[in-house]
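Beneath this line is the structure, given in structure tokens, with notes to follow.
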Amino acid sequence: MRVGYVLSASGTYPPDVIEVTLLRGGSVHRGEYLYAEHDGKHIFMQVENVFVKRPTSSYDEKLARDDVIIHDAEKIVGKAVCVQVGYDTGSSIEPYLHPIPPLTPVYKPASEELYGFIAPRGPSISIGRIYPTDAPLTLDLKVLFRQGALVVGGVGTGKSTLLLTMMMRILEKAGLRPHLLLIDWDGEYNTPALAARAQEAGGYLKITSKTPLKKRMRSLSPAEWYRMFRQITGMASQSTQMRALYGAIKTLEERGVASIEWSMDGFNLIAEHVKSPDARRQLEIQAQGSSGEPGMRPATGWTSSRQSGATPWSTWTSRTRITGTR
Ligand SMILES: Nc1ncnc2c1ncn2[C@@H]1O[C@H](COP(=O)(O)OP(=O)(O)OP(=O)(O)O)[C@@H](O)[C@H]1O
Ligand SMILES: [Mg+2]
-18 MRVGYVLSAS
-8 GTYPPDVIEV
2 TLLRGGSVHR
12 GEYLYAEHDG
22 KHIFMQVENV
32 FVKRPTSSYD
42 EKLARDDVII
52 HDAEKIVGKA
62 VCVQVGYDTG
72 SSIEPYLHPI
82 PPLTPVYKPA
92 SEELYGFIAP
102 RGPSISIGRI
112 YPTDAPLTLD
122 LKVLFRQGAL
132 VVGGVGTGKS
142 TLLLTMMMRI
152 LEKAGLRPHL
162 LLIDWDGEYN
172 TPALAARAQE
182 AGGYLKITSK
192 TPLKKRMRSL
202 SPAEWYRMFR
212 QITGMASQST
222 QMRALYGAIK
232 TLEERGVASI
242 EWSMDGFNLI
252 AEHVKSPDAR
262 RQLEIQAQGS
272 SGEPGMRPAT
282 GWTSSRQSGA
292 TPWSTWTSRT
302 RITGTR
């Protein structure tokens, strides 16, 4: 289906970025594939941006300001700015290195043609459809395994679901005998379906560990921070140092600080607000001494207090459990 013609407002025609003037009523989406028919080739491109153009006359702004709206459809032109993908030589996709001249017709490929162009020639997995067509979106396994993939997207846009789909499809691929290693920090891939599929595909081994690879930071409200510090150091709340610390905590609270990291950095932030240099020195001695582990960087000692309640400076315990079959 023809959607428009290569025609740029600036009058320039580089080979990589192609500006298409759309036919009246034509509609294309961002990310959609189109092709220009030129030089006996179908040169594919992907729509990077779509917009309408309407030249603004000097009186347009004044009319809009005065709430006088005149819709003049004749002035409006649809545009699509595309990035060239290349053309199919029969054995590979090659970029077309010359400019695509003005007024070259541009078409929307049928699903089958798009699939024929984009589908990998070798082993592949199908992970969905190319919006807004029915063409399947397939990933070339050679590229996936040899070169890798990076899944990027906003919060909740389906990254984890896509990775799960990819793993399932890879495992389903007959004759592939893939080796998958999944490091699953939060246990979000702990689904029986994935385990069962892996088992069917040749074997499955699950190793669980309670050993934290990274010490987690803990954030406390200023008041909680003060109480924790007092509990650990055993200092009396009436002491000069603790009164100075309390003053600093109140200053931070008044400035709207809602949470402070339970670490040496957090301490330093608070210490900056302790007015008396003497009291600050004493507090620093307490803070460093409390790490309880000579030679250890204070920050490490401080953050190791997570979860331990009554003995805040105790070190992490680690336990490893191995389950599964192979
Ligand atoms: N292709 C899809 N079609 C419809 N719904 C989907 C699709 N992919 C994911 N979802 C749904 O969207 C929600 C978020 O998906 P998912 O957890 O995979 O996103 P995420 O990008 O990993 O999120 P987060 O950033 O929180 O890790 C889930 O409810 C999931 O079922
Ligand atoms: Mg996720």
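Per the numbering used here, residue -18 is the first one in the sequence shown, and the count goes up by one each step. Ideal placement from N, C-alpha and C gives every residue a C-beta, glycine not left out. These numbers were taken from a predicted model, which means no experiment stands behind them.
Coarse secondary structure for residue i, derived from DSSP in three states
i	result
R208	helix
E55	helix
H266	Here residue 266 is Ile; the residue named in the question, His, does not match the sequence. Helix.
M198	coil
D(-3)	coil
G137	coil
R129	According to the sequence shown, residue 129 is Gly rather than Arg. Three-state DSSP puts G129 in coil, outside helix and strand.
E253	coil
I230	helix
I99	helix
I81	coil
V124	helix
D48	coil
A177	helix
V148	Looking at the sequence provided, one finds Met at residue 148 rather than Val. Looking at M148 - three-state DSSP - the assignment turns out to be helix.
Rounded separation between residue i and residue j - CA only
i	j	result
V87	Y16	6 Å
D20	T2	20 Å
N97	I106	The sequence shown places Gly at residue 97, rather than the Asn named in the question. Approximately 15 Å, taken between the alpha carbons.
G7	F32	12 Å
H10	L125	27 Å
L162	L186	10 Å
D47	K56	20 Å
A179	H23	41 Å
M277	Q269	Annotation note: pLDDT 29 at M277 (below 50); position unreliable, coordinate value reported separately. Their backbone Cα atoms lie some 10 Å apart in a straight line.
S73	T189	44 Å
Y77	E0	15 Å
E18	G129	33 Å
E13	S92	11 Å
L(-12)	D167	51 Å
E169	D121	26 Å
L250	R150	50 Å
L131	H79	31 Å
E29	A116	19 Å
Identity of the residue in the options nearest residue i by Cα
i	options	result
Y40	I51, V33 and L157	I51
L4	I213, P36 and V58	V58
K123	H10, G135 and P104	P104
E253	L233, S(-9), E55 and E29	L233
W206	Y227, Y77 and Q222	Y227
A239	A204, Q212 and Q267	A204
A54	G71, R35 and E42	R35
K154	T189, I108, V136 and L264	I108
R(-17)	T85, V49, H79 and G12	T85
I213	G134, Q267 and R261	Q267
A217	S202, L264, G137 and L145	L264
A(-10)	L44, V62 and A182	V62
S200	F248, K60 and P113	F248
K256	T221, M245 and S244	T221
D69	I81, F25 and K60	F25
G71	I81, L152, I99 and V28	I99
Q27	I111, T37, V49 and K43	I111
K60	G183, K191, D246 and Y(-14)	Y(-14)
D259	I241, M223, L250 and E235	M223
W243	A225, E235 and F210	F210
R261	E235, G237 and A229	A229
Cβ-Cβ separation, residue j to residue i (assumed contact under 8 Å), whole Å
i	j	result
V66	D(-3)	Rounded, the Cβ-Cβ distance is 10 Å, inconsistent with contact.
T119	P101	6 Å
L175	M148	6 Å
T114	L143	Not quite, the Cβ-Cβ distance comes to about 19 Å (not below 8 Å), so this is no contact.
Cross-strand partners of residue i (DSSP beta bridge)
i	result
L162	Partner(s): none; L162 has no beta bridge.
T119	S107
F32	K60
K191	In DSSP, K191 forms no bridge with anything.
L3	G(-15)
M86	Strictly speaking, residue 86 in this sequence is Pro, with Met absent from that position. The partner list for P86 (beta bridge, DSSP) reads Y(-14).
F25	Y16 and G67
E242	S200
E75	Y68
Any C-beta of chain B under 8 Å from that of residue i
i	result
L125	The displayed structure is made up of one protein chain only, and chain B is not part of it.
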